[in-house]
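Down below is the structure, laid out as structure tokens.
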Amino acid sequence: MGSLIAEKDWSATSLGPIADWSPSLRTAMAICLESRFPMVVHWGPDYIYLYNDAVIPLLGQRHPHVLGLPYREAWPDIWETIHPILARVVSGGSATWTENWQLTVERYGYPEACFATISFSPIRDTAAGGTVVGILATFLETTPGVLAARRLACLREIGAAMSGRRGRRAVCRAAATVLDHFRDDLPFGAILIQEPQKRRPLRAMATWGLEDAHDALGMLGVFDPSPPHDLAAALASGRARVVERLPESLLGGLCASPSPRGMVIWPFVSHRSKPPVGLLIAGVGRCLGTDLERGDFVELVANQISTAVVRAGLDDAQWIATAEARRSARHDGLTGLPNREVLLDRLRRAMCGIGQDGDRVCLLFMDLDGFKAVNDTLGHQAGDDVLCEVALTLTQTVSRGDTVARIAGDEFAILRPVVAGMAPVRALADSLVRAVNLTKSGYGQVISVTASIGVALSGEALSDSGRLMMAADTAMYEAKRSGGGRYAIFDELSPELRS
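Position 479 of the sequence shown, counting from 1, maps to 479 under UniProt numbering, and the rest follow consecutively.
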């Protein structure tokens, strides 16, 4: 820089020839050029831009044409922000500094965001009574630290957001919501999960930075029955792929600004999942270099999401298995109806919920007439078919809010939690008797299956669930002894039967 400054024709600038430079400017430049730290001298009212060799990497393609230019011409993109700081140092005469100032430079052939902490110190002219005539700016590039801190915060927030989420979609959406706040690193992206059993093996679970996610992903072929080459190759190999140039059709679907120049396709690889469970598509911004640390960052993001997706899949499978086991324990395996345990639980709750306005709980016990003949004559499969048919008939006959349960064998129960008066009870019993009237034939025989129903209603004498069930059972056996295909109400039985 010393040779470059010496060879430059300064007569066309406001500084004039070097021979006319003031001792203060010469001294400031001597300090600047001898230093191995990045230093810039801003001189005069226009803040003429002078710098040493250590500043060149921060300038990129701005070097060397910014040498000797007014600051506003050297850095027009940040002039409006930096000018008040420079003016304050000149007018107040006191040093100041800015931390992690963001600059956009082109030093590798593309715009790159870099950060620097800058100290601004006044340069005084002792011959003019200590007047501030320039500023000495010392730079410390902090880009690696800023990016590392930002990316660490992103990873930490992704982990926190996904923690406790149930289901793969919820996990992916939580991660995408966080990534949407870190577009400086990853301006757009999508999280795709592989579902080979579906018509479309790749399913977009979540996106960020896409103006129209469906259209943009469609341009990549994600919604085709088979994924495009780059995605398929990443899935097959389990290795990341880089797409250097995005198709122009895709760029129209992005709202990221400035638009990204490429993307990374990273497979979700886990020791528990082979092949990969999905892909992370992450945009590569124009203002970020393809540094190794960012590659590590994308890999860490993908690994975090992959681990959470695999865990969510296992949790989902376990939750489904647990729910199915719980349901199986409370439902009849043949008919799918609630079993005796569920009936008792709902009956007890119904008994506790009865108020003082005359409402009563109605319980009906049903036993099938002629069912044994079906099993003996037509076989157990025919018997199972009858039970399933009866179960369906009962559920279609009762009202919403009623419980139909299979108690055991060919015994069923119907619980109506609230009834007011006998008319609806008789109507329900009548409809059930009429509905359960089946005819089965085989081996030259015709077998009729009907229902014997016992009805019991809660009251002073039947104030707990155990007594109500015994009363319904007693009434049911009375209906069967009377010929079957009918119902009997416990309240209407003779006193000796009710005792």
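Yeah, the Cβ is synthetic: ideal placement off N, Cα and C, and Gly gets one too.
Per-residue burial, residue 507 [other beta carbons within 10 Å of its own, 16 or more giving buried]: The chain is shown only over 1 to 499; residue 507 falls outside these bounds and no answer can be derived.
Report the rounded CA-to-CA distance for V264 versus I281, giving the unit in angstroms. For the purposes of this step, residue 264 is taken as the residue at position 264 of the sequence shown. For the purposes of this step, residue 281 is taken as the residue at position 281 of the sequence shown. Using only the alpha carbons, I get a separation of about 6 angstroms.
Are the segment 130–143 and the segment 90–102 touching by the rule of at least three beta carbon pairs closer than 8 angstroms? Yes, they touch.
Using the Cβ count rule (16 or more neighbours within 10 Å means buried), how would you classify Q304? Position 304 of the sequence shown holds residue 304. Per the 10 Å Cβ criterion, buried.
I need the DSSP call for A405, collapsed to helix, strand or coil. Locating residue 405 in the sequence shown gives position 405, where the first residue counts as 1. Three-state DSSP puts A405 in a strand.
Reducing DSSP to helix, strand and coil, say where P17 ends up. As a first step, residue 17 is located in the sequence shown; it is residue number 17 there, counting from the start. Note: P17 maps to coil in three-state DSSP.
Out of curiosity, what's the CA-to-CA distance linking T142 and T117? On the sequence shown, residue 142 is found 142 positions in, with the first residue counted as 1. On the sequence shown, residue 117 is found 117 positions in, with the first residue counted as 1. Distance between the alpha carbons of T142 and T117 is about 7 angstroms.
To the nearest angstrom, how far is it from the Cα of A234 to the Cα of M1? The residue you call residue 234 lines up with position 234 of the sequence shown. The residue you call residue 1 lines up with position 1 of the sequence shown. A234 and M1: Cα-Cα distance of roughly 48 angstroms.
Ends of the alpha helix (DSSP H) at W79? Reading the sequence shown from its first residue, position 79 is the one you call residue 79. Taken as a continuous stretch (DSSP letters only), the alpha helix (DSSP H) holding W79 covers 79–92.
Distance between I158 and I414 (C-alpha atoms, nearest Å): Along the sequence shown, read from residue 1 onward, the residue named residue 414 stands at position 414. Along the sequence shown, read from residue 1 onward, the residue named residue 158 stands at position 158. Straight-line Cα distance between these residues: approximately 51 angstroms.
Between L364 and V449, is the Cβ-Cβ spacing less than 8 angstroms? By one-based count along the sequence shown, residue 364 stands at place 364. By one-based count along the sequence shown, residue 449 stands at place 449. Cβ atoms of L364 and V449: not closer than 8 angstroms.
Can you give me the Cβ contacts of G283 inside the same chain, cut-off strictly under 7 angstroms, excluding the 5 residues immediately before and after it? Here the question's residue 283 lines up with position 283 in the sequence shown. Taken in chain order, the residues that qualify are L186, P187, F188, G189, G209, A256, P260, M263.
Do V433 and F490 come within 8 angstroms of each other at the CB atom, strictly closer than that value? Residue numbering aside, residue 490 sits at position 490 when the sequence shown is read from its first letter. Residue numbering aside, residue 433 sits at position 433 when the sequence shown is read from its first letter. No. Outside cutoff.
Is S306 helix, strand or coil when you go by DSSP? Within the sequence shown, numbered from 1, the residue matching residue 306 stands at position 306. Here DSSP, grouped into helix, strand and coil, assigns S306 to helix.
Note the first and the last residue of the continuous beta strand (DSSP E) segment covering G454. Along the sequence shown, read from residue 1 onward, the residue named residue 454 stands at position 454. Segment 445–457, the beta strand (DSSP E) holding G454.
Can you tell me whether DSSP reads I56 as helix, strand or coil? To locate residue 56, count along the sequence shown from 1; it is residue 56. Here I56 sits in helix by DSSP.
Measure the beta-carbon distance from I85 to T98 and round it to whole angstroms, keeping in mind my assumption that it falls under 8 angstroms. If you number the sequence shown from 1, residue 85 lands on position 85. If you number the sequence shown from 1, residue 98 lands on position 98. Rounded, the Cβ-Cβ distance is 7 angstroms, consistent with contact.
Could you tell me the alpha carbon to alpha carbon distance between G134 and V309, rounded to whole angstroms? Within the sequence shown, residue 134 is the residue found at index 134, counting from 1. Within the sequence shown, residue 309 is the residue found at index 309, counting from 1. About 58 angstroms.
Between which two residues does the alpha helix (DSSP H) carrying R72 extend? In the sequence shown, the residue the question calls residue 72 occupies position 72. Counting along the chain, the alpha helix (DSSP H) containing R72 begins and ends at 71–74.
For Q102, collect the residues of the same chain with a Cβ closer than 7 angstroms to its Cβ; drop the 5 residues on either side in sequence, then sort them by chain order. Translated into positions along the sequence shown, residue 102 becomes position 102. A113, F115, listed in sequence order.
What separation, rounded to the nearest whole angstrom, lies between the Cα atoms of A153 and R72? Stepping through the sequence shown from its first residue, residue 153 is reached at position 153. Stepping through the sequence shown from its first residue, residue 72 is reached at position 72. The straight-line gap from Cα to Cα measures roughly 35 angstroms.
Considering only the beta carbon of each residue, do Y343 and A382 sit closer than 8 angstroms? Locating residue 343 in the sequence shown gives position 343, where the first residue counts as 1. Locating residue 382 in the sequence shown gives position 382, where the first residue counts as 1. Note that residue 343 is Leu in the sequence shown, not Tyr. Taking 8 angstroms as the Cβ cut-off, L343 and A382 do not qualify as a contacting pair.
To the nearest angstrom, report how far apart R165 and A206 are at their CA atoms. As a first step, residue 165 must be located in the sequence shown, where it is residue number 165. As a first step, residue 206 must be located in the sequence shown, where it is residue number 206. So the alpha carbons of these two residues sit roughly 14 angstroms apart.
Can you tell me whether DSSP reads M39 as helix, strand or coil? Here residue 39 refers to the residue found at position 39 of the sequence shown. In the displayed model, M39 falls within a strand according to three-state DSSP.
Name the one or two DSSP bridge partners that W208 has. Translated into the one-based positions of the sequence shown, residue 208 becomes position 208. In DSSP, W208 forms a bridge with G189.
Kindly indicate the opening and closing residues of the beta strand (DSSP E) around residue 533. Beyond the ends of the chain as shown, which are 1 and 499, falls residue 533; an answer cannot be given.
When you compare the segment 476–487 with the segment 391–398, are there three or more beta-carbon pairs, one atom per stretch, that lie closer than 8 angstroms? Too few Cβ pairs lie closer than 8 angstroms, so no.
Supposed close pair P17, I48 - CB separation, criterion 8 angstroms: Locating residue 17 in the sequence shown gives position 17, where the first residue counts as 1. Locating residue 48 in the sequence shown gives position 48, where the first residue counts as 1. Not quite, the Cβ-Cβ distance comes to about 14 angstroms (not below 8 angstroms), so this is no contact.
Validate contact between the segment 463–481 and the segment 370–387 using beta carbons, cut 8 angstroms, 3 pairs: no
Just the Cα atoms here: how many angstroms apart are G289 and L300? Within the sequence shown, residue 289 is the residue found at index 289, counting from 1. Within the sequence shown, residue 300 is the residue found at index 300, counting from 1. Note that G289 scores a pLDDT of 45, beneath 50, so its modelled location is shaky; the value from the coordinates is reported in the next line. Rounded to the nearest angstrom, the two C-alpha atoms are 18 angstroms apart.
Find the nearest neighbour of A204 within the set A148, Q61, V277, judged by alpha-carbon distance. Along the sequence shown, one-based indexing puts residue 204 at 204. Nearest C-alpha to A204: V277.
Using the beta-carbon count (16 or more within 10 Å), is H42 buried or exposed? In the sequence shown, counting from the first residue as 1, residue 42 sits at position 42. Here H42 is buried: its Cβ has 16 or more other Cβ atoms, across all protein chains shown, within 10 Å.
In chain order, what residues of the same chain lie with their CB nearer than 7 angstroms to the CB of E341, ignoring the 5 residues before and after it? Within the sequence shown, numbered from 1, the residue matching residue 341 stands at position 341. Taken in chain order, the residues that qualify are R330.
Distance, G336 Cα to T439 Cα: For the purposes of this step, residue 439 is taken as the residue at position 439 of the sequence shown. For the purposes of this step, residue 336 is taken as the residue at position 336 of the sequence shown. Distance between the alpha carbons of T439 and G336 is about 23 angstroms.
Please go through the same chain and pick out, in chain order, the residues whose beta-carbon is closer than 8 angstroms to the beta-carbon of R124, but skip the five residues on each side of it. For the purposes of this step, residue 124 is taken as residue 124 along the sequence shown, with counting starting at 1. Around R124: S24, G93, G130, T131, V132, V133.
Going by other Cβ atoms of all chains shown within 10 Å of its Cβ, with 16 needed for buried, is C32 buried or exposed? As a first step, residue 32 must be located in the sequence shown, where it is residue number 32. So C32 counts as buried.
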